[in-house]
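**Q** So the protein sequences, as listed, match chains W and R. Read in order, the letters of the first sequence are residues 81 to 445 in the numbering used here. Read in order, the letters of the second sequence are residues 110 to 377 in the numbering used here. Here a beta-carbon is modelled for each residue, glycine too, at the ideal position from N, C-alpha and C. Right, I'll just put the structure down here and ask away after.
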Amino acid sequence: MTEQGGVGGEHTGSSDQPAASGLSVDRSVDAAAERRRGSDGDPDARTAAGGTAIAVEGVTKRFNEGPDSVLAVDDVGFEVETGSIVGLLGPNGAGKTTLIKSVLGMVIPDEGTVRIRGIDVGDRSRAAYANVDAMLEGARNDYWRLTVRENLRYFATVSGVDPDSVADRHDRLLDRLDLAEWADTPVRKLSRGMKQKVSLASVLAGGAEVVFLDEPTLGLDVESSRTLQRELRRLAEEEGLTVLISSHDMDVIEAVCDRVLVMSEGRIVADDAVDELLRGAAGGTVVVESPDLDADAVAAVRERFPVTAVDTLDWGTRLTVEASGDDLYDLMDVLATAGVTPERIRTVEPDLEDVFVGLTREGGR
Amino acid sequence: MSTDTDGSAPRPAGYYHLARAVLYREFLLFVRYPANAIGGVVISLFFFGVLFYGGRMLAGQALTDSIEGIIVGYFLWTLAVGAYSSISNDIGSEVQWGTLERHVMTPFGFAPVALLKGAAKVVRTFLISSVILAVMLLLTGTTLQLHVLTIVVIASLSILSVLGLGFAAGGITVLYKRIGSWLNLLQFGFVVLISAPVLEMPWLKLLPLAHGSALLQRAMVDGVRLWEFQPTELALLVGVAVGYLGLGYAVFQLSTQRARRLGVLGDY
Numbered sequence: 081m082t083e084q085g086g087v088g089g090e091h092t093g094s095s096d097q098p099a100a101s102g103l104s105v106d107r108s109v110d111a112a113a114e115r116r117r118g119s120d121g122d123p124d125a126r127t128a129a130g131g132t133a134i135a136v137e138g139v140t141k142r143f144n145e146g147p148d149s150v151l152a153v154d155d156v157g158f159e160v161e162t163g164s165i166v167g168l169l170g171p172n173g174a175g176k177t178t179l180i181k182s183v184l185g186m187v188i189p190d191e192g193t194v195r196i197r198g199i200d201v202g203d204r205s206r207a208a209y210a211n212v213d214a215m216l217e218g219a220r221n222d223y224w225r226l227t228v229r230e231n232l233r234y235f236a237t238v239s240g241v242d243p244d245s246v247a248d249r250h251d252r253l254l255d256r257l258d259l260a261e262w263a264d265t266p267v268r269k270l271s272r273g274m275k276q277k278v279s280l281a282s283v284l285a286g287g288a289e290v291v292f293l294d295e296p297t298l299g300l301d302v303e304s305s306r307t308l309q310r311e312l313r314r315l316a317e318e319e320g321l322t323v324l325i326s327s328h329d330m331d332v333i334e335a336v337c338d339r340v341l342v343m344s345e346g347r348i349v350a351d352d353a354v355d356e357l358l359r360g361a362a363g364g365t366v367v368v369e370s371p372d373l374d375a376d377a378v379a380a381v382r383e384r385f386p387v388t389a390v391d392t393l394d395w396g397t398r399l400t401v402e403a404s405g406d407d408l409y410d411l412m413d414v415l416a417t418a419g420v421t422p423e424r425i426r427t428v429e430p431d432l433e434d435v436f437v438g439l440t441r442e443g444g445r
Numbered sequence: 110m111s112t113d114t115d116g117s118a119p120r121p122a123g124y125y126h127l128a129r130a131v132l133y134r135e136f137l138l139f140v141r142y143p144a145n146a147i148g149g150v151v152i153s154l155f156f157f158g159v160l161f162y163g164g165r166m167l168a169g170q171a172l173t174d175s176i177e178g179i180i181v182g183y184f185l186w187t188l189a190v191g192a193y194s195s196i197s198n199d200i201g202s203e204v205q206w207g208t209l210e211r212h213v214m215t216p217f218g219f220a221p222v223a224l225l226k227g228a229a230k231v232v233r234t235f236l237i238s239s240v241i242l243a244v245m246l247l248l249t250g251t252t253l254q255l256h257v258l259t260i261v262v263i264a265s266l267s268i269l270s271v272l273g274l275g276f277a278a279g280g281i282t283v284l285y286k287r288i289g290s291w292l293n294l295l296q297f298g299f300v301v302l303i304s305a306p307v308l309e310m311p312w313l314k315l316l317p318l319a320h321g322s323a324l325l326q327r328a329m330v331d332g333v334r335l336w337e338f339q340p341t342e343l344a345l346l347v348g349v350a351v352g353y354l355g356l357g358y359a360v361f362q363l364s365t366q367r368a369r370r371l372g373v374l375g376d377y
């Protein structure tokens with residue numbers, strides 16, 4: 081871990097990045113996978129500015145004493161690189177919120193250290209949290225009786241930035257999140273989804289360099305969620321914003337995150353790039369539909385491959401078989417020998433949700 | 110971080126910006142939601158009416174003779190209640206809204222933010238209490254010595270100690286959420302402090318409000334000016350104010366520290 085990344089917040093001042101915003105606006109979320117692949121070998125500005133934004137080491141937190149004590153976080157350690165977006169996944173009660181609150185100093189861990197941009201939060205919490213902001217699930221996070229813009233200005237000031245100097249940034253943020261029209265409306269008059277967006281905007285308004293977002297897309301419609309994902313990507317890529325994001329929405333995680341941490345029962349059970357997690361997942365399955373799939377044919381397939389489902393259709397049978405890679409050739413041979421003409425074939429790749437369910441089930445054992 | 114649209118870098122905010130933001134927010138709430146302030150004025154005046162007319166029925170001339178003292182005491186009481194409840198309720202709400210943490214994480218540190226909030230509450234309370242005072246004087250046909258500088262300094266220092274209690278109560282509410290409403294009852298204890306017999310028992314001067322109340326009586330009833338008080342008496346007033354404010358803030362800090370250990374900070 082490089083310590084120099086932690087000092088001086090100005091290294092992210094990326095005047096060397098000419099107005100690239102026009103490009104990124106058009107970039108669709110679908111390009112996420114491509115970007116992830118590309119970012120590995122691409123020494124762009126943010127990795128050069130680099131360093132470790134968040135370093136967590138051996139953090140443990142136990143609530144209550146005695147027999148009914150709960151080990152909420154169990155010796156957790158990870159690092160988050162500056163300018164990256166890391167997802168935190170886990171079933172309810174896995175310890176995600178306690179972990180985030182521990183990193184934020186809202187919960188004091190029993191053991192372990194947390195460093196933000198190289199600064200130990202226990203020793204120098206003011207300096208450590210100077211460029212950090214957070215949006216926690218269930219929190220309003222802003223003042224409902226102030227207008228949207230007043231909130232942005234207020235919280236920019238509280239986080240140490242002269243609001244006049246970031247007025248343009250606020251305008252753009254409001255514009256991107258489709259809030260411009262409501263800029264001068266008191267927050268309490270807005271719908272739930274809009275309030276959510278204001279809350280996010282106020283977190284992004286102050287120029288924080290590390291932000292924690294707990295379920296940021298909860299209650300947002302698809303369009304708003306996409307806009308938010310794009311804006312997060314843009315801020316990470318252009319301005320070196322570091323994001324730790326927790327969500328139950330796998331699509332959001334898959335689309336925006338460079339890396340995913342999976343928690344189960346207080347421990348981190350996986351820590352990898354989204355692609356790696358998907359690649360490392362248990363092999364795919366093949367679904368074959370054909371009128372020729374009679375009992376003999378199914379039995380023939382069963383002899384060689386694990387069959388996970390046999391469904392009867394109006395016009396034939398649907399067979400779900402676990403097979404991937406070279407096994408596919410063998411499967412086709414078996415089918416050909418049994419005289420089966422495949423009407424429809426499709427392969428099913430495991431998605432993040434499958435990986436997640438598999439991991440947390442293992443972790444639970 | 111730079112913005113790519115305007116090319117100008119964000120400038121850091123100073124204490125001036127912070128003060129402006131906190132006071133401006135208080136101002137906006139005050140003008141945008143006048144019902145809260147008006148409600149406070151009406152309720153205070155209603156209680157005073159009951160006290161005054163009811164008392165006159167019971168005590169007759171005796172009450173009319175001491176009406177000046179009662180008005181001054183009541184004025185200080187509305188100030189104290191305003192400062193105490195606004196800061197303790199404010200902390201309670203901010204915890205619920207999840208905005209308190211954002212103030213705790215500020216690079217300014219929480220203390221300046223809290224003090225500015227306290228100052229904003231005091232200014233707001235002064236505005237409301239002045240209206241109440243004016244109506245009380247009109248209603249009873251009483252005249253008082255209204256030397257503004259003297260009154261503002263003495264009364265402000267008096268209620269700083271109560272502001273400290275407000276911080277302590279707010280902190281305790283963070284830990285034990287249900288206790289909040291009980292702590293509101295403390296405001297009735299302020300009556301005892303304001304009417305404490307400090308001449309007979311000088312040690313009572315060390316309690317919040319008591320000494321300040323006595324000084325304010327002399328200022329408003331007898332017309333003593335700020336610079337005509339004994340320096341030792343003013344020093345004691347300052348000492349009590351700073352002492353309770355510091356103590357209250359320390360209790361607040363310890364409570365939030367404990368809340369973080371127990372993991373109950375930010376449980377919405």
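Is R/Val-204 helix, strand or coil by DSSP?
**A** Reduced to three states, the DSSP call for R/Val-204 is helix.
**Q** Taking the alpha carbon of R/Gly-182 as the reference point, which residue from R/Ala-118, R/Ser-153, R/Met-310 and R/Arg-369 has its own alpha carbon closest?
**A** When each option's Cα is compared against that of R/Gly-182, the closest is R/Ser-153.
**Q** Grab me the residues of W/Glu-369's own chain with a C-beta within less than 8 Å of its C-beta, minus the 5 sequence neighbours each way, in chain order.
**A** Closer than 8 Å at Cβ, skipping near neighbours: Leu-393, Gly-396, Thr-397, Arg-398, Leu-399, Pro-422, Glu-423, Arg-424 and Ile-425.
**Q** List the whole-angstrom C-beta distance separating W/Leu-293 from W/Met-215, where the pair is believed to meet the contact cut-off of C-beta under 8 Å.
**A** Yes, W/Leu-293 and W/Met-215 are in contact; Cβ-Cβ is about 5 Å, under 8 Å.
**Q** Can the beta-carbon of W/Val-187 be found closer than 8 Å to that of W/Lys-141?
**A** Yes, Cβ-Cβ distance for W/Val-187 and W/Lys-141 is below 8 Å.
**Q** With R/Leu-363 and R/Val-283 assumed to form a contact (beta carbons below 8 Å), what rounded beta-carbon distance in angstroms separates them?
**A** At roughly 11 Å, the Cβ-Cβ gap does not stay under 8 Å, so R/Leu-363 and R/Val-283 are not in contact.
**Q** Rounded to whole angstroms, what's the CA-CA distance from R/Met-245 to R/Ile-237? Just pull it up for me.
**A** For R/Met-245 and R/Ile-237, the distance between alpha carbons rounds to 13 Å.
**Q** Between the alpha carbons of W/Asp-372 and W/Thr-307, how many angstroms are there, rounded?
**A** Their backbone Cα atoms lie some 48 Å apart in a straight line.
**Q** Let's test the definition: count the other Cβ atoms within 10 Å of the Cβ of R/Tyr-353 and tell me whether it reaches 16, buried, or not, exposed.
**A** By the 10 Å Cβ count, R/Tyr-353 comes out buried.
**Q** From the DSSP output, read off the bridge partner residues of W/Ser-370.
**A** Note: W/Ser-370 sits in a beta bridge opposite W/Thr-397.
**Q** Which stretch, first to last residue, makes up the alpha helix (DSSP H) that contains W/Val-340?
**A** Unbroken run through W/Val-340 is the beta strand (DSSP E), 339 to 344; no alpha helix (DSSP H).
**Q** Listed from N- to C-terminal order along the chain, which residues in the stretch 180 to 194 of chain W have their beta-carbon within a distance smaller than 8 Å of any beta-carbon of chain R?
**A** Cβ contacts with chain R come from Lys-181, Leu-184, Gly-185, Met-186, Val-187 and Ile-188.
**Q** Using C-beta distances below 7 Å, list every residue in its chain close to W/Glu-433, excluding the 5 sequence neighbours before and after it, in chain order.
**A** Here the set comprises Met-330.
**Q** If W/Ala-288 and W/Leu-232 are in contact, beta carbons under 8 Å, what's the gap, nearest whole angstrom?
**A** With a Cβ gap of about 13 Å, W/Ala-288 and W/Leu-232 do not count as contacting.
**Q** Go to R/Ile-263, then tell me how far its alpha helix (DSSP H) extends in each direction, as first and last residue.
**A** First-last of the alpha helix (DSSP H) with R/Ile-263: 257 to 284.
**Q** Let me know if W/Gly-118 comes out buried or exposed under the rule of 16 or more other beta-carbons within 10 Å of its beta-carbon.
**A** Here the model assigns W/Gly-118 a pLDDT of 40, short of 50, so the residue's position is not dependable, and the following value carries that caveat. By the 10 Å Cβ count, W/Gly-118 comes out exposed.
**Q** Would you list, in chain order, the members of the stretch 225 to 241 of chain W that have their beta-carbon closer than 8 Å to a beta-carbon of chain R?
**A** Listed by position along the chain: Arg-225, Leu-226, Glu-230, Arg-233, Tyr-234, Phe-235, Ala-236, Thr-237, Val-238, Ser-239, Gly-240 and Val-241.
**Q** Counting only beta-carbon separations shorter than 8 Å, does R/Pro-119 have a partner in chain W?
**A** With 8 Å as the cut-off, R/Pro-119 counts as an interface residue toward chain W.
**Q** Output the distance between the C-alpha atoms of W/Ala-112 and W/Leu-168, rounded to the nearest integer angstrom.
**A** Residue confidence is low: W/Ala-112 scores 42 on pLDDT, short of 50, so the model does not pin down where it sits. Its coordinate-derived value is still stated next. Spanning the two alpha carbons is a distance of roughly 18 Å.
**Q** Going by the beta-carbon positions, is the gap between W/Ala-338 and W/Ile-134 smaller than 8 Å?
**A** In the sequence as presented, Ala is not what sits at residue 338 of chain W; that position holds Asp. Going by C-beta atoms, W/Asp-338 is not nearer than 8 Å to W/Ile-134.
**Q** So is R/Thr-234 buried or exposed if we call it buried at 16+ other beta carbons inside 10 Å?
**A** Flag for R/Thr-234 reads buried.
**Q** Between which two residues does the alpha helix (DSSP H) holding W/Ala-375 run?
**A** Its alpha helix (DSSP H) spans residues 375 to 384.
**Q** Is the Cβ of W/Pro-123 closer than 8 Å to any Cβ of chain R?
**A** Residue placement at W/Pro-123 cannot be trusted, given a pLDDT of 38 that sits under 50; what the coordinates show is reported in the next sentence. No, no contact with chain R.
**Q** From W/Pro-147 to W/Arg-441, what distance separates their C-alpha atoms?
**A** Computed Cα separation, rounded: 25 Å.
**Q** State buried or exposed for R/Asp-199, treating a residue as buried only when at least 16 other CB atoms are found within 10 Å of its CB.
**A** Flag for R/Asp-199 reads buried.
**Q** Establish whether the CB of R/Tyr-358 and some CB of chain W are separated by less than 8 Å.
**A** It does not: the Cβ of R/Tyr-358 has no partner Cβ on chain W nearer than 8 Å.
**Q** In chain W, which residues lie less than 9 Å from R/Gly-178 when you measure between Cβ atoms?
**A** What R/Gly-178 touches in chain W: nothing, since even the nearest Cβ is about 39 Å away.
**Q** Could one say the Cβ of W/Phe-158 lies closer than 8 Å to chain R's Cβ atoms, at least one of them?
**A** Not closer than 8 Å to any Cβ of chain R, the Cβ of W/Phe-158 fails to qualify, so no.
**Q** Is it true that the CB of W/Ala-263 sits closer than 8 Å to the CB of W/Thr-227?
**A** Cβ distance < 8 Å, so W/Thr-227 and W/Ala-263 count as in contact.
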